[in-house]
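Reviewing the structure listed below.
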Amino acid sequence: MNNNSTPSVEDRVRASLKKRYAREKRFQYYGIGAILISLLFLCVLFGDIISKGYTAFQQTYVKLDIYFDPALITPEGQMDQNTLIHGDYSGIIKQSLRDAFPNVSGRQDKRKLYSIVSNGASHTLRKKVLAHPELIGKKQSVWVLADDEIDMLIKGHISRDIPEEDRRLKDNQIQWVDQLMADGRIEKRFNTTFFTSGDSRDPEMAGILGAAAGSFYTLLVTLALSFPIGIAAAIYLEEFAPQNRFTDFIEVNINNLAAVPSIVFGLLGLAIFINFLGLPRSAPLVGGLVLTLMTLPTIIIASRAALKSVPYSIREAALGVGASKMQVVTHHVLPLAMPGMLTGTIIGMAQALGETAPLLVIGMVAFVVDIPGGITDPSTALPVQVFLWADSPERAFVERTSAAIMVLLGFLALMNITGVLLRKRFERRW
Amino acid sequence: MQLTTLLFVLLLLSSLAYYFGRKRAVSVSGGEVKDLHSRPGYYGFYTVLWCLLPSLLVFSSWLAMEGQIVTQLVVQDLPEQIRTLPDSQLSLVINDIKNTANGSIVSGKVNSDIEAAVSHYKSLYNTSRAALAVLVLLVAIIGLSISLKKISPSQRARNAVENILKYLLIACSTIAIFTTIGIVLSVLFEAIRFFQMIPPIDFLFGLNWSPQTAIRADQVGSSGSFGAIPLFTGTMLISFIALLVAVPIGLMAAIYLSEYANSKVRAVVKPLLEVLAGIPTVVYGFFAALTVAPLFREFGTSWGLEISSESALVTGLVMGVMIIPFVSSLSDDVINAVPQAMRDGSYGLGATQSETIRRVIIPAALPGIVGGVLLAASRAIGETMIVVMAAGLAANLTANPLEAVTTVTVQIVTLLVGDQEFDSAKTLAAFALGLMLFVTTLFLNVIALHVVRKYREQYE
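Line by line, the protein sequences give chains A and B.
Just so you know, our numbering puts 373 at position 373 of the first sequence, and the rest follows in order with no gaps.
In our numbering, each number is its position in the second sequence, counted from 1, plus 430.
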């Protein structure tokens with residue numbers, strides 16, 4: 001067609017097409033790459049936590065032949081509760097360990113021998129004796145908790161190849177453990193302690209129940225306050241508020257609060273709830289109040305969206321048959337918007353459950369052994385427990401931290417799935 | 431009486447109030463319910479509100495004042511030599527008294543003066559609680575009987591109830607304002623007290639941060655220095671790295687999801703990205719400190735690089751991943767808001783899809799994207815747990831991402847966790863930092879929200 005020396009526009013376009021299509025493909029690959037990187041990270045994160053933490057659901061126990069020596073438990077022969085509680089149970093355990101390894105001598109070696117068994121073992125024996133006082137004077141095989149170092153060795157987290165001086169577990173201890181293993185005296189069992197006890201300095205005795213209870217009470221306070229307040233605020237702003245500067249000001253405030261760093265809410269809680277109002281430190285009550293203020297914007301925004309989705313014809317129909325404005329809202333709009341509001345609240349609660357920083361500031365980081373029984377008892381929360389354990393130097397706390405994270409993520413997943421299902425089940429498209 | 435029991439009794443009383451109010455309304459109408467202005471239930475609610483609101487008001491104001499008044503009374507009756515102690519020591523004594531009264535372990539030994547004060551405190555406390563119970567129930571019953579008296583067929587009970595309800599709704603919606611005021615006041619007051627001790631210039635422009643004030647005056651480094659520049663640079667360094675990770679990845683993910691992906695892929699990938707946002711930050715912190723940091727250090731050593739185990743690089747990287755979903759969902763919104771006509775116009779001129787995205791959609795969506803990035807930046811600056819667990823504690827004025835730096839939020843947490851006295855510069859410094867943090871994030875948020883809103887209006 002065109003035989004000029006300069007190529008025509010069409011030819012130039014044709015010539016560049018290959019390049020342009022290649023660029024198009026590259027651009028798409030960038031997008032896919034970005035998504036894959038994010039998902040890869042997600043997988044690595046979950047994989048890492050699970051691979052580190054799944055071993056924490058099992059715990060090593062040692063079988064000891066215990067002689068319930070009356071001389072150590074009831075030196076004066078009384079059988080009352082008080083004497084039984086104060087018996088020398090660790091002495092009994094030491095005795096049985098000495099009996100099991102008669103050729104261990106020397107103070108240092110003996111101490112190493114005793115450290116095979118957890119400090120909590122004497123507790124187990126005490127409970128046993130209190131429940132069955134007739135055991136005194138008898139011999140029985142008892143499974144007791146092994147020390148966390150032994151536990152780590154059995155689970156393969158401590159390598160035997162490291163030179164002895166770099167290990168906390170010494171060669172002779174490993175030898176004893178191997179001997180116990182050969183005798184079938186070491187066993188891994190499901191770790192019930194992890195789910196039934198509070199925090200402890202000894203990893204083998206530490207559990208998450210205390211933290212879970214703290215989280216539960218904190219969320220209870222948060223829910224009890226933020227759900228009614230959030231819904232009330234949303235109803236006012238969406239249904240009643242006139243368009244004026246005051247309403248605008250409220251809206252600007254809500255939008256800004258949604259983006260204020262959570263730690264600033266902690267400072268508010270410390271200055272106002274604790275120092276000014278004198279509420280107790282470390283208590284779920286204050287934690288709940290702070291988290292309420294923090295989750296309110298989320299709940300208000302979600303509830304307003306739910307109210308907005310109710311079609312106007314419903315309001316008009318109700319007004320038409322003579323309902324007052326308040327009746328329209330409480331009898332018709334609110335029930336229809338409720339599923340959406342509940343979903344928003346559940347998502348807000350999930351956020352509150354994972355929140356850590358403000359709780360640190362209001363003192364919910366204390367070392368709390370007892371399981372809190374109310375909203376004013378000192379307590380921690382699940383994510384705070386994760387933080388505390390992550391800081392602990394013992395190797396055994398790493399797996400416990402990961403396990404606590406799994407429990408936390410489990411709760412979060414449960415809440416979010418409930419929210420999504422709720423929405424799916426009750427959502428109405430108009 | 432226990433407070434919960436009291437509240438329970440109050441609840442019981444109010445349900446009785448509903449019953450009585452309703453019954454009374456029916457009886458004054460003489461069985462002709464249609465003669466009543468409102469339906470009988472409204473008279474019930476009317477009585478409930480009269481019974482509940484005043485008594486709850488009394489209840490909460492009593493509890494708010496109780497602590498201070500009881501403490502005052504106890505202090506007045508303390509012996510002369512204790513009462514005239516300096517404030518800080520006096521508050522310790524008062525704490526001891528309170529702890530002993532509550533049955534917890536106290537620090538000091540308990541002498542007879544303290545014991546007397548404890549029993550005094552206990553008796554005052556019990557009296558106060560008893561008086562509270564009597565007063566609250568009295569108020570509730572008076573309210574109940576007054577409202578019952580007022581019920582008559584012509585009374586506009588519905589209007590009254592609806593009015594009160596509306597005021598309750600308004601009160602609930604103003605909590606957002608009070609929260610903001612509360613935040614401003616709480617950080618501002620303590621920050622002002624801090625600035626009375628340390629001049630603001632030293633704080634804002636000082637290059638040295640070591641908040642440890644000494645116990646004895648003659649100790650080395652007793653003054654403590656509060657120059658916050660290293661904290662600001664540390665925060666900015668980590669946030670910058672985080673944005674460097676989050677913005678390209680988040681933006682590309684959003685572009686792919688909204689322009690290329692079919693609905694099936696979107697339905698799977700979008701929720702998965704949201705999962706990243708739903709993971710508690712403490713989990714990211716743990717992951718960064720225990721997995722990523724050692725990995726990077728080893729990697730660095732094998733290349734002959736010295737990477738600190740608390741390096742800004744690792745912290746920023748993990749934080750960046752955390753805010754990817756944030757960036758991507760905000761960008762997704764703004765990209766979807768670009769009118770289809772603009773795309774069609776570009777395709778009509780023969781542009782490929784990627785050319786359309788790069789030359790038309792992104793420039794059109796740029797203000798919205800910038801707004802989203804600003805919001806993400808404010809998120810990164812205010813993020814606490816990741817940096818507390820993975821970043822350093824020592825203030826280090828450097829721009830090298832391989833070294834450990836500390837941030838504003840890390841310092842707030844370290845200054846406030848553990849034992850604290852409330853009037854030391856060290857504790858107050860945390861509030862001054864909080865003020866800086868609040869102001870910065872507020873500034874970023876306001877600008878971002880403004881930009882995003884402006885942008886939305888443009889295409890509506």
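Just so it is clear, CB atoms sit at the ideal spot from N, CA and C, and this is done for glycine as well.
Nothing here was measured: the structure is a model prediction, and the numbers come from that model.
Short check: CB of residue i to CB of residue j, under 9 Å?
i      : j      : result
V768/B : A684/B : no
R469/B : S324/A : no
T60/A  : D183/A : no
D147/A : S96/A  : no
T433/A : G230/A : The question about residue 433/A has no answer here: the residues shown for chain A are numbered 1 through 430.
P831/B : L706/B : no
L865/B : L618/B : yes
S616/B : W480/B : no
Y67/A  : K127/A : no
G798/B : V881/B : yes
I73/A  : Y89/A  : yes
I417/A : V386/A : no
Residues in the same chain with beta-carbon distance under 8 Å from residue i, minus the five sequence neighbours each way, listed in chain order, please.
i      : result
P7/A   : A15
L422/A : P339, L342, T343, I346
L412/A : A350, L353, G354
G636/B : S655, F656, G657, A658, I659
L223/A : T345, M349
V177/A : I116, I150, L153, I154, I186
M772/B : V790, I791, A794
R425/A : P339
Under the assumption that residue i contacts residue j (Cβ atoms under 8 Å), give the Cβ distance between them as a whole number of angstroms.
i      : j      : result
V62/A  : L180/A : 6 Å
G288/A : L225/A : 7 Å
S640/B : I765/B : S640/B to I765/B, Cβ: 47 Å. No contact.
E740/B : A820/B : 6 Å
T380/A : V369/A : With a Cβ gap of about 11 Å, T380/A and V369/A do not count as contacting.
A570/B : Y551/B : The Cβ separation is near 28 Å, so there is no contact.
V439/B : L567/B : 7 Å
L681/B : S761/B : 5 Å
G812/B : I272/A : About 19 Å; that fails the 8 Å criterion.
D465/B : S457/B : No, D465/B and S457/B are not in contact; Cβ-Cβ is about 12 Å, not under 8 Å.
G31/A  : Y777/B : Between Y777/B and G31/A the Cβ distance is about 18 Å, and since that is not below 8 Å, they are no contact.
A447/B : L598/B : Incorrect: roughly 17 Å between the Cβ atoms, too far for contact.
Pull up the DSSP beta-bridge partners for residue i, would you.
i      : result
V252/A : Answer is none; V252/A lacks a bridge partner.
L42/A  : For L42/A, which the question treats as bridged, DSSP gives no partner whatsoever.
L145/A : Y61/A
F190/A : Q58/A
Q140/A : I66/A
S640/B : S655/B
S741/B : A834/B
So, for residue i: in the same chain, excluding its five sequence neighbours on each side, which residues have a beta-carbon less than 6 Å away from its beta-carbon?
i      : result
A366/A : S282, P378
I301/A : none
A860/B : I842, L845, L846
A337/A : A306, L307, V310
V838/B : L661, T665, L863, L867
V333/A : V310
Short of 7 Å in beta carbon distance, which residues of its chain neighbour residue i, apart from the five on each side in sequence? Order them along the chain.
i      : result
I263/A : A357, P358, V361
G120/A : L145, D202, E204, M205
N2/A   : Confidence at N2/A is low in this model, with a pLDDT of 49, below 50, so the placement of that residue should be treated as unreliable; the coordinate-derived value is given next. So the qualifying residues of the chain are S8.
T376/A : P280, A283, L285
L209/A : F195, T196, S197, G198, I371
Y428/B : Residue coverage of chain B in this structure runs from 431 to 890, which leaves residue 428/B outside it and unanswerable.
E620/B : L858, F861
Quick check: does the Cβ of residue i come within less than 8 Å of any heavy atom belonging to the ligand ZN?
i      : result
R304/A : Summarising the ligand content, the structure contains no ligands, and the ligand ZN is consequently not present.
Open item on the list: Does the contact criterion of 3 or more C-beta pairs under 8 Å hold for the stretch 159-176 of chain A versus the stretch 98-114 of chain A?
Closed with: Touching, yes, given that three or more Cβ pairs across the two stretches are closer than 8 Å.
TODO: Give a yes or no on contact between the stretch 43-59 of chain A and the stretch 701-721 of chain B, applying the rule of three or more CB pairs nearer than 8 Å.
DONE: With a cut-off of 8 Å, the stretch 701-721 of chain B and the stretch 43-59 of chain A count as touching, because enough Cβ pairs lie within range.
Open item on the list: Check whether the stretch 229-249 of chain A and the stretch 398-405 of chain A are in contact - that is, three or more C-beta pairs closer than 8 Å.
Closed with: The stretch 229-249 of chain A makes no contact with the stretch 398-405 of chain A: fewer than 3 CB pairs, one atom from each, lie closer than 8 Å.
TODO: Mind the definition here: the stretch 611-627 of chain B touches the stretch 496-509 of chain B only if three or more C-beta pairs lie below 8 Å; say whether that holds.
DONE: In short, these stretches do not touch, since the Cβ pair count stays below three.
Open item on the list: I'd like to know if the stretch 603-610 of chain B and the stretch 253-263 of chain A are in contact, where contact means that at least 3 CB-CB pairs between them fall below 8 Å.
Closed with: Enough Cβ pairs lie closer than 8 Å, so yes.
Open item on the list: With a threshold of 8 Å, are at least 3 pairs of Cβ atoms found where one atom belongs to the stretch 673-681 of chain B and the other to the stretch 733-752 of chain B?
Closed with: The stretch 673-681 of chain B, when compared against the stretch 733-752 of chain B, does touch it at the 8 Å Cβ threshold.
Task: Contact the stretch 68-85 of chain A vs the stretch 158-168 of chain A: 3+ CB pairs below 8 Å - done: Here the stretch 68-85 of chain A does not lie against the stretch 158-168 of chain A, with fewer than 3 beta-carbon pairs under 8 Å apart.
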